[in-house]
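The structure under discussion appears below in the form of structure tokens.
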Amino acid sequence: MAWKTFPIKVVEIGMVTPSVLVLTFARADGERLEYAAGQFINIHFEHEGTPIHRSYSVANTPGSDSFQIAISPVEGGRATKLLFGLKIGDVIEGSGPYGRFVLRDDQPCRYIMAATGTGVTPYRAMLPLLEQRIEQGFKIDILLGVWRRDEALFADDFINFAAAHTDATFHACYSRELPDDAHPWEKSGYVQKQIATLNPNPATDIVYLCGNPGMIDDSVEMLRALDFPTKLLRREKYLPARV
Ligand SMILES: Cc1cc2nc3c(=O)[nH]c(=O)nc-3n(C[C@H](O)[C@H](O)[C@H](O)COP(=O)(O)OP(=O)(O)OC[C@H]3O[C@@H](n4cnc5c(N)ncnc54)[C@H](O)[C@@H]3O)c2cc1C
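Residue numbers are given in this note's numbering: position 78 of the sequence shown equals residue 78, and the series is strictly consecutive.
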């Protein structure tokens, strides 16, 4: 496939948890990246003479001149090595946006939006749109699965969102350890266990699932057993690349 790539320049670098890197890019060709909240971009590079691309969800709301991605490190990972080694001003190749993991023209219902790790970034990009949906009568439950509290990336954005809207909730689910001083929104166990406690119902709910393929497969199996049809299950699997 011939990719239509463009140069993207690093304008900001930060760590959003002890392990997750956030890179802010701007297109270096004077254009602006136009995308819908929930879409992803590809980065392109060469590794030992082989062209490689990797996908990353855009983590910020559309409308600014720059865009962010959050990268969870993978041991021995080729894109991990490249991205964690970038400095401000460095230019790499990008393409996109891609993907259909976006909000659609739904009637008011409840959105159950579950993620593991960096899979929560599409929901962060969607927050202003979700606010509009709430005004239209939607309810929103956002669930984030991570190992432990300090890996709960962008949790403050979701805590503040839930605090500002009675029709929104946020649940941070910790698979390793629940702190002794856990807040009501902090839960022990896998995110799929927490989905089940929300009593999902295909008559009233649409489910978004993003991140770890195992979490998504488990959740889909559980939801199918509750008679959820495919059209009510929207998924973005962070599958490892083949090359
Ligand atoms: C649509 C889409 C969106 C994505 N969005 C994001 C995002 O927003 N943030 C993000 O951090 N990642 C995201 N990913 C994953 C990302 O594209 C890369 O796969 C990831 O960063 C690893 O790439 P790498 O080149 O560093 O590792 P590779 O060089 O591809 O892998 C090195 C080794 O680790 C294994 N491996 C790869 N991934 C994993 C893993 N997750 N767990 C265990 N072993 C693994 C590989 O099989 C290989 O043996 C997304 C993937 C898809 C398909």
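Beta carbons: idealized from backbone N, C-alpha and C, even for Gly. Just so it is clear, the structure is predicted and the values come from calculations on it, not from any experiment.
C-alpha of L143 to C-alpha of M215: approximately 12 Å in a straight line. Secondary structure at L144: strand, using DSSP grouped into helix, strand and coil. When C-alpha distances from P184 are compared across C173, K193, L82, N60, the shortest belongs to C173.
A distance of 8 Å or more separates the beta carbons of G14 and G119. At least one heavy atom of ligand 1 sits closer than 7 Å to the Cβ of L239.
Three or more beta-carbon pairs drawn from the segment 197-212 and the segment 232-241 are found closer than 8 Å, and the two stretches are therefore classed as touching. Within the chosen limit of 7 Å, ligand 1 reaches the beta carbon of A79 through at least one heavy atom. Between E75 and I43, the C-beta gap is not smaller than 8 Å, which leaves the two residues out of contact.
If the five residues before and after H53 are omitted, its C-beta is found closer than 6 Å to the C-beta atoms of N42, H44, all from its own chain and listed in chain order. Inclusion of G76 in the 7 Å shell around ligand 1 follows from its C-beta lying nearer than that to a non-hydrogen atom of the ligand. At the C-beta level, G38 and F138 stay beyond 8 Å of one another.
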